[in-house]
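Step one of this worksheet: look at the structure below.
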Amino acid sequence: AMPPLGSSKKSARACLVCCSSTSASRMGLDVCRACSVFYKRSADNRPKICRSGTNGCLPGKGLNCKKCRLRLLELAIKKS
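So for the sequence shown, the UniProt record's numbering puts the first residue at 1; every next one is plus one.
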């Protein structure tokens with residue numbers, strides 16, 4: 001018997017950067033599509049400035065600080 005449409009055996013995992021759910025591994029890591037695309041677009045080596053000025057913005061869905069989001073992605077890549 002075929003499983004119902006829309007059902008999947010993949011388990012949802014949390015993105016290592018923004019904590020949103022993701023069911024696919026990108027770049028060999030559990031990162032969502034948005035963070036994966038962000039990383040590829042941020043590879044321009046231009047300096048980024050932390051929005052809060054602390055260089056320690058916490059991960060989460062509202063992570064709009066480009067510097068800290070990129071830092072979290074790079075940490076996840078180094079740990080893998």
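C-beta: ideal position from N, C-alpha, C; glycine also. Just so it is clear, the structure is predicted and the values come from calculations on it, not from any experiment.
Compare the Cα-Cα distances from residue i to each of the options and report the closest residue.
| i | options | result |
| --- | --- | --- |
| L72 | D44, F38 and R46 | F38 |
| A76 | S36, C65 and G53 | S36 |
| K66 | A14, R46, S20 and C19 | R46 |
| S21 | C32, G28 and M27 | C32 |
| S11 | C18, C19 and S23 | S23 |
| E74 | L29, S25 and I49 | L29 |
Here's the rule: buried if 16 or more other CB atoms are within 10 angstroms of the residue's CB, otherwise exposed. What is residue i?
| i | result |
| --- | --- |
| L58 | exposed |
| T54 | exposed |
| D44 | exposed |
| R41 | exposed |
| R69 | buried |
Does the beta carbon of residue i come closer than 8 Å to any beta carbon on chain C?
| i | result |
| --- | --- |
| D44 | Among the chains in the structure shown there is no chain C, since it carries only a single protein chain. |
Every unbroken alpha helix (DSSP H) within the UniProt domain "Nuclear receptor" (12-80), with a cutoff of 4 residues, ordered by chain: Taking 4 residues as the shortest admissible run, the UniProt domain "Nuclear receptor" (12-80) contains the following complete alpha helix (DSSP H) segments, listed from N- to C-terminal end: 33-41 and 66-79.
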